[in-house]
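Peer 1:
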Amino acid sequence: MFAVLKKKLASWYSIPLKLGEAVQSVLPKKSNSNASTELIVHHHQQQQPQDHQVPESQQEPSKGKKVAEDKPRPTKPEWVVSIKKLEQLCREDVESPGPNPSIFRIPHYLKDGEDNAWVPQIVSLGPYHHGKEHLRHMEQHKLRCLHRILWRTKHKSDFYLDSVREVEQDARGCYEGLKSMNIDDFVNMMVLDGCFVIELFLGFTTIGFEKLGHPRNDSVFSTQRSMHKIRRDMIMLENQIPLFILDRLLGLQLGDPNQKGLAAKLALQFFNYTRPTDDHLTEVSMNRIAIDLVSDQCERHCLEVYRWSLLHPSQKRVGNQRPLQRRQQLIHCVTELWEAGIEFKKKKTDKFWDIQFKNGVLYIPQLVIHDGTRSRFLNLIAFEQCNFDCGNHITSYVIFMDNLINSAEDVGHLHSCGIIEHWLGSNADVANLFNRLCQEVAFDIKDSYLCGLSKEVNEYYSNRWNGWIASLKHKYFSNPWSIISVIAAFILLALTFTQTFYGVYGYYRQGS
1 MFAVLKKKLA SWYSIPLKLG EAVQSVLPKK SNSNASTELI VHHHQQQQPQ DHQVPESQQE
61 PSKGKKVAED KPRPTKPEWV VSIKKLEQLC REDVESPGPN PSIFRIPHYL KDGEDNAWVP
121 QIVSLGPYHH GKEHLRHMEQ HKLRCLHRIL WRTKHKSDFY LDSVREVEQD ARGCYEGLKS
181 MNIDDFVNMM VLDGCFVIEL FLGFTTIGFE KLGHPRNDSV FSTQRSMHKI RRDMIMLENQ
241 IPLFILDRLL GLQLGDPNQK GLAAKLALQF FNYTRPTDDH LTEVSMNRIA IDLVSDQCER
301 HCLEVYRWSL LHPSQKRVGN QRPLQRRQQL IHCVTELWEA GIEFKKKKTD KFWDIQFKNG
361 VLYIPQLVIH DGTRSRFLNL IAFEQCNFDC GNHITSYVIF MDNLINSAED VGHLHSCGII
421 EHWLGSNADV ANLFNRLCQE VAFDIKDSYL CGLSKEVNEY YSNRWNGWIA SLKHKYFSNP
481 WSIISVIAAF ILLALTFTQT FYGVYGYYRQ GS
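Residue 1 is where the sequence shown starts when you use full-length UniProt numbering, and the numbers rise one by one after that.
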């Protein structure tokens, strides 16, 4: 009896042991280092009572602490850590808000792989493209310009460096992400680039390069091709210098470091011949624009001065609504509008954006297109996309022209009307230029200054009567020979009708 009971107790005792072995086989294996550590501690705890006969209550407390320290501490989830970092960044931003940049980088969605449109080709201005290999040859010419200025003014270089250092923080705040450039390098770059631009303005617009001390056969200033490329580089969004730096350096040369507006006026004169029309600004217009620039406090850099000269006088600057990232149709293409009876005529004005529609005629100013047109419009569009408080006149105009031009046939029709003059290879190249410019532009047609005009044109286009008249006009009155044929057919029809009438009339008269 006792033997049977003992056998049952042994079987019951073996059940939890087997269950423990089964659970251990299912659990994931720990790393070798952790397993070895646990094995060492467990073996030490088992052997210690046998060897030293130390009671469990009298064991060293440090042993237990070691075991606790070996256990991994609980960590916070990654998303909790990310939120904590975000809260800290927001708190720092509120406590010390940074400056608002005015010289932006080209948005990535406007870049289509062709760097020539937004990367300077001959001269770098500012930090974004400073030190690039293909632009280093102009650094020596910048040093020569600075040397000429120091020679004429009898100043030391520290005179300009110390003055720019006083506004270094303001100038640095005009750019995005310049924490890696130290103060000395930034100040040296501003002085060198700024003096080069001032020498360029003075030599081209007022004094002349020879009177400034430059040789007649200067490798840069005496070459039309170089000057054309420099102008193109200077109206790139990423290649700008704050205008207050130019005013400061120019004022130091003239003895009035606090003067304002002179650099903007010189920039207007310098870029006057890069306008997209054949009409240029008069001296009176440039003086008025320069005054408005200073009073509006919007003369931030040369690109903005150039844009202001293109639009002035125009509608007042208004903030953009939230743009839509999708292509929208403002108006039908030239071919479709022509088939609907809408005519196109060249408008005589120096404002290339001033488009009008009256009595079925679309009046469009002439647009001159060359190899630098794409770069110019791309940088102007990028500036408006980055700066929402300046309006979107250039973007509206380019999208309007993009809607008008879908094919080489559309370009050919506008060219025959004198609206488009281009120096590109073919009409298809012009169409491709406009079709690529606005592929990814964020734009809302309701926020366009051409929205009302587009509605009038579309209403005229939707009138079927206008389309029927246009079809008749294009088919039978497109040239003098067609007109003569129609008149002859009408006369023949009239004579036939008259002959038939008198024949029938005579028959009934004889019968009566």
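Ideal placement from N, C-alpha and C gives every residue a C-beta, glycine not left out.
It should be emphasised that the depicted structure is a prediction, and the values quoted were computed from it without experimental measurement.
1) Applying the criterion that 16 or more other CB atoms from any shown protein chain within 10 Å of the CB defines a buried residue, is Asn392 buried or exposed?
2) Using only CA atoms, which one of Arg144, Tyr109 and Asp184 lies nearest to Cys438?
3) DSSP puts Gln422 in a beta bridge; with which residues?
4) Considering only the beta carbon of each residue, do His413 and Val334 sit closer than 8 Å?
5) Nearest CA to the CA of Tyr460: which residue from Phe209, Phe357 and His214?
6) According to DSSP, is Val187 helix, strand or coil?
7) Quick check on Ala117: buried or exposed, where buried means 16 or more other Cβ atoms within 10 Å of its Cβ?
8) Determine the DSSP secondary structure at Val361, reduced to helix, strand or coil.
9) Phe270 by DSSP, collapsed to three states: which one?
10) Quick one: residues in its chain with C-beta nearer than 8 Å to the C-beta of Val362, no 5 flanking neighbours on either side, listed in chain order?
11) Taking Cβ to Cβ, would you say His214 is nearer than 8 Å to Phe221?
12) Check this for me: beta carbons of residue 595 and Asp350, under 8 Å apart or not?
13) Cutting at 8 Å between CB atoms, please list the residues of its own chain near His161, excluding the five before and the five after it.
14) Buried or exposed for His332, please, with buried defined as at least 16 other CB atoms from any protein chain shown within 10 angstroms of its CB.
15) How far does the alpha helix (DSSP H) with Phe159 in it reach, from first residue to last?
16) Please report the Cβ distance between Gln240 and Cys302, rounded to the nearest whole angstrom; I am assuming they are in contact, meaning their Cβ atoms lie under 8 Å.
17) Measure from the alpha carbon of Val430 to the alpha carbon of each residue in Val441, His141 and Met401, then state which is nearest.
18) Counting only runs of 4+ residues fully inside the segment 196 to 234, write out the alpha helix (DSSP H) ranges in chain order.
19) Could you tell me the alpha carbon to alpha carbon distance between Met236 and Pro120, rounded to whole angstroms?
20) Would you report the Cα separation of Pro107 and Ala382, rounded to the nearest angstrom?
21) Check whether the Cβ atoms of Ile122 and Asp233 sit closer than 8 Å, and answer yes or no.
22) Tell me which residue opens and which closes the beta strand (DSSP E) that Phe344 is part of.
23) From the DSSP output, which residues share a beta bridge with residue 556?
24) Could you tell me the distance, in whole angstroms, from the CA atom of Gly319 to the CA atom of Lys211?
25) Which term fits Leu492, buried or exposed, when burial requires 16 or more other beta carbons within 10 angstroms of its beta carbon?
26) Quick one: what does DSSP say Gln356 is sitting in, helix, strand or coil?
27) When you compare only the Cα positions, how much space is there between Ile83 and Lys111?
28) Round the Cβ separation of Thr395 and Phe434 to the nearest angstrom and send it over; I've been treating them as touching at under 8 Å.
29) Ser426 to Gln385, Cα distance in whole Å?
30) Please state the DSSP three-state secondary structure of Ala442.
31) Out of Leu310, Thr274, Glu176 and Ala264, state which residue places its alpha-carbon closest to the alpha-carbon of His129.
32) What's the call for Val504, buried or exposed, on a 16-neighbour Cβ count within 10 Å?
33) Quick one: using the 10 Å Cβ neighbour count with 16 as the cut-off for buried, is Tyr397 buried or exposed?
34) Apply the 10 Å Cβ neighbour rule to Arg136 and answer buried if 16 or more other Cβ atoms are within range, or exposed otherwise.
Peer 2: Let me lay it out:
1) Flag for Asn392 reads buried.
2) Of the listed residues, the one whose Cα sits closest to Cys438 is Tyr109.
3) In the sequence as presented, Gln is not what sits at residue 422; that position holds His. Per DSSP, the beta bridge partners of His422 are Ile369.
4) Yes; because the gap between Cβ atoms is below 8 Å, this pair is in contact.
5) When Phe209, Phe357 and His214 are compared, the shortest CA-CA separation from Tyr460 is found for Phe357.
6) If DSSP states are grouped into helix, strand and coil, Val187 belongs with the helices.
7) With a threshold of 16 other beta carbon atoms within 10 Å, Ala117 meets it and is buried.
8) Note: Val361 maps to strand in three-state DSSP.
9) Note: Phe270 maps to helix in three-state DSSP.
10) The question names Val, but residue 362 in the sequence shown is Leu. For Leu362, where only same-chain residues beyond five positions count, the Cβ hits under 8 Å are Leu337, Ile342, Glu343, Phe344, Lys345, Ile355, Gln356 and Val457.
11) Yes; because the gap between Cβ atoms is below 8 Å, this pair is in contact.
12) The requested residue 595 is not part of the displayed model; the chain covers only 1 to 512.
13) This sequence places Leu at residue 161; His is not what is there. A distance below 8 Å between beta-carbons, with the five flanking residues on each side excluded, links Leu161 to the following residues of its chain, in chain order: Val187, Asn188 and Val191.
14) Residue burial is scored here from C-beta neighbours: His332 has at least 16 other C-beta atoms within 10 angstroms and is therefore classed as buried.
15) Counting along the chain, the alpha helix (DSSP H) containing Phe159 begins and ends at Ser157 to Glu166.
16) Their Cβ separation, rounded to whole angstroms, is 6 Å, which keeps Gln240 and Cys302 in contact under 8 Å.
17) The shortest CA-to-CA distance from Val430 to any of Val441, His141 and Met401 is the one to Met401.
18) Within the segment 196 to 234, the complete alpha helix (DSSP H) runs of at least 4 residues are 224 to 234.
19) Using only the alpha carbons, I get a separation of about 7 Å.
20) Cα to Cα, Pro107 sits roughly 7 Å from Ala382.
21) Yes, they are a contact pair.
22) Note, Phe344: beta strand (DSSP E), Glu343 to Lys347.
23) The chain is shown from 1 up to 512; residue 556 falls before or after that span and cannot be answered.
24) Low confidence applies to Gly319: its pLDDT is 44, below 50, so where it sits in the model is not reliable enough to give any reading.
25) For Leu492, the number of other beta carbons within 10 angstroms of its own is below 16, and it is reported as exposed.
26) In the structure shown, Gln356 sits in a strand (DSSP, three-state: E or B).
27) Going from the Cα of Ile83 to the Cα of Lys111 covers about 33 Å.
28) Taking C-beta atoms under 8 Å as the contact rule, Thr395 and Phe434 fail to qualify, at a distance of about 13 Å.
29) Cα-Cα distance, rounded: 30 Å.
30) In the three-state scheme derived from DSSP, where H, G and I count as helix and E and B as strand, Ala442 is classed as coil.
31) Nearest C-alpha to His129: Glu176.
32) Exposed.
33) With 16 or more Cβ atoms within 10 Å of its Cβ, Tyr397 is classed as buried.
34) By the neighbour-count rule (16 or more Cβ atoms within 10 Å), Arg136 is not buried but exposed.
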